[in-house]
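Novice:
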Amino acid sequence: MGDQPLLEVNDLRVTFEIANGYVEAVRGVNFSLKRGEIMGLVGESGSGKSITMRAVMGLLPPSAMVSGSVKLLGRELIGSPAKDLRQLRGSRMSMVFQDPLTALNPVLTVGDQLVEAIRIHNPQCTAKEGRTRAIELFRSVAIPFPEKRIDQYPHEFSGGMRQRVVVAIAIANKPDLIIADEPTTALDVTVQAQVLELLRNLCEGSGTGLVLITHDLGVVAGMAEHVSVMYAGSIVERAPVDDLFDNPRHPYTRGLLGSLPQLTGEIARLSDIGGAPPTAGTIPPGCAFNPRCSFSVERCQLERPELRGFGPTDVACHLAQAIPAAQTRVNSA
Ligand SMILES: Nc1ncnc2c1ncn2[C@@H]1O[C@H](COP(=O)(O)OP(=O)(O)OP(=O)(O)O)[C@@H](O)[C@H]1O
Ligand SMILES: [Mg+2]
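Heads up: the sequence shown is residues 55 to 387, going by the numbering used here.
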């Protein structure tokens, strides 16, 4: 049990049926996560970050076809009955969504929602015990006056406080795995730092594994041990966080980090990667990044690169070895 990965994802694929055919939104994703580990998942809008992690949680609409393997502590989740997944969600794994307002029910007090989250997985817990535990949880996420706040409705909370409620619900049953999808995007910098600190303490203290989806590379640098970079439904690079920032190998990662060498000698920013990312239905053959890549050669248009190991880094690029190393750094959060 000791060395068993918390989460193992192998060849995960998600295809949606649409009016005139199918689109593959997740195209063979592999990664694993240890207990207590924080993994950052980054990539431009539409690259498949949310769909990948919703597939892990079993939270996709019926129009999605999912294949591959997702194991939580050795237990296969893909193909598991919906009622087993429901039981696991909220007890062994939980998700923090970007928008705390839509994650909460506006007509129930925040306390009732938290107590329900506790009692649904602990049927022996009385309403009174649930309330005591809910107040403790509110205190642990630094909500002031928890005894009073617990009886209020979501609209009586500020954005930052609502996100703390959502985090309290996510951690209520001490899950093994938390997936946080842009958990702090809506928050101001101070509150963002507090929410991240809370999640980090939980991982360190309880061995919870965290997948942190974010657009903010500063947040990744400050929080994650490993980072995976997604492009067009695949992981194109994954590495320990320092290696990724010190020596990004995929041209896309370099672009994301603002270190893509340009002919003009200027440093490029993300917006300077020419063109837009493909959407799920329009992914080109070969390397999906090739139309935007200034290093692209014929092979890149024909053959899809697999992830290959270069020291601590895995990268899916035919030219990973040939392109000169780039040095870059971002300020950590
Ligand atoms: N129900 C659906 N039917 C068809 N295609 C979908 C559906 N949901 C998502 N997609 C497509 O799947 C792809 C991945 O979407 P996803 O939401 O995972 O991106 P993301 O990386 O989370 O982006 P963002 O950073 O904007 O949150 C997109 O191209 C999207 O259009
Ligand atoms: Mg998303």
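Even for Gly, the Cβ is constructed at its ideal location relative to N, Cα and C.
#1: Taking 5 Å as the limit, tell me which residues put their C-beta closer than that to any heavy atom of ligand 1, in chain order.
#2: For Gly-128 and Arg-303, what's the separation of their Cα atoms in angstroms?
#3: Three or more C-beta pairs under 8 Å: does that hold for the segment 290-297 against the segment 124-139?
#4: Any chance the CB of Ser-148 is under 6 Å from a heavy atom of ligand 4?
#5: Excluding sequence positions up to five away, which residues of its chain have a Cβ less than 6 Å from the Cβ of Lys-228?
#6: What residue from Val-110, Ala-224, Gln-206 has the CA that sits closest to Ser-194's CA?
#7: Looking at the secondary structure, which residues open and close the alpha helix (DSSP H) in which Lys-125 lies?
#8: Using the Cβ count rule (16 or more neighbours within 10 Å means buried), how would you classify His-280?
#9: What is the DSSP secondary structure of Tyr-76, reduced to helix, strand or coil?
#10: Return the Cβ separation of Val-96 and Ala-79 in integer angstroms, given the expectation that the two are a contact with Cβ distance under 8 Å.
#11: Three or more C-beta pairs closer than 8 Å, one from the segment 89-105 and one from the segment 330-343: is that the case here?
#12: Under 7 Å between the Cβ atoms of Gly-144 and Asp-205?
#13: Identify whether Arg-306 lies in helix, strand or coil by the three-state DSSP scheme.
#14: Count the other C-beta atoms from every protein chain shown that fall within 10 angstroms of the C-beta of Phe-199, then say buried if there are 16 or more, exposed otherwise.
#15: Can you tell me the Cα-Cα spacing of Phe-151 and Leu-311, whole angstroms?
#16: Quick one: any contact between the segment 215-223 and the segment 167-175, if contact means 3 or more CB pairs under 8 Å?
#17: Does DSSP put Pro-59 in a helix, in a strand, or in coil?
#18: Return the Cβ separation of Phe-299 and Ala-275 in integer angstroms, given the expectation that the two are a contact with Cβ distance under 8 Å.
#19: Pick from Arg-254, His-372, Ala-342, Ala-240: whose alpha carbon is nearest that of Pro-154?
#20: Note down the Cα distance separating Ala-196 from Ser-134, rounded to an integer number of angstroms.
#21: What is the residue span of the beta strand (DSSP E) that Phe-364 lies within?
#22: Are Val-63 and Val-77 close, meaning C-beta to C-beta below 7 Å?
#23: For Val-186, report the span of its alpha helix (DSSP H) as first-last.
#24: Quick one, which of Tyr-285, Val-290, Thr-238, Gly-309 has its alpha-carbon nearest Asp-400's?
#25: Under three-state DSSP, which class holds Glu-71?
#26: Around the C-beta of Leu-317, are 16 or more other C-beta atoms found within 10 angstroms, so that it is buried, or is it exposed?
#27: State the start and end residues of the unbroken beta strand (DSSP E) segment that holds Glu-291.
#28: Just mark Cys-354 as buried or exposed, buried being the case when its beta carbon has 16 or more other beta carbons within 10 Å.
#29: From Ile-174 to Lys-182, what distance separates their C-alpha atoms?
Specialist: In terms of the structure at hand:
#1: Those residues that have a beta carbon less than 5 Å away from any non-hydrogen atom of ligand 1 are, in order along the chain, Phe-70, Ala-79, Ser-99, Gly-100, Ser-101, Gly-102, Lys-103, Ser-104, Ile-105, Thr-333, Ala-334.
#2: 32 Å
#3: no
#4: The model on display carries ligand 1 and ligand 2 but not ligand 4.
#5: Ser-260
#6: Relative to the Cα of Ser-194, the nearest Cα in the group Val-110, Ala-224, Gln-206 belongs to Ala-224.
#7: For Lys-125, there is no enclosing alpha helix (DSSP H); the residue is found in the beta strand (DSSP E) stretching over 118-126.
#8: buried
#9: strand
#10: Rounded, the Cβ-Cβ distance is 17 Å, inconsistent with contact.
#11: yes
#12: By the CB criterion at 7 Å, Gly-144 and Asp-205 fall outside the cutoff.
#13: In the sequence on display, residue 306 carries Tyr and not Arg. In the structure shown, Tyr-306 sits in a helix (DSSP, three-state: H, G or I).
#14: So Phe-199 ends up on the exposed side.
#15: The alpha-carbon atoms of Phe-151 and Leu-311 are separated by roughly 25 Å.
#16: yes
#17: coil
#18: 6 Å
#19: Ala-240
#20: 36 Å
#21: 362-364
#22: The criterion of a C-beta distance shorter than 7 Å is not satisfied by Val-63 and Val-77.
#23: The amino acid at residue 186 is misidentified as Val; the sequence shows Thr. 181-194 is the extent of the alpha helix (DSSP H) around Thr-186.
#24: The displayed coordinates of the chain run from 55 to 387. Any statement about residue 400 would go beyond what the structure contains.
#25: strand
#26: The pLDDT assigned to Leu-317 is 43, lower than 50, so where the model puts this residue is not dependable; a value taken from the coordinates is nonetheless given after this. Per the 10 Å Cβ criterion, exposed.
#27: Counting along the chain, Glu-291 sits inside the beta strand (DSSP E) bounded by residues 288-294.
#28: buried
#29: 14 Å
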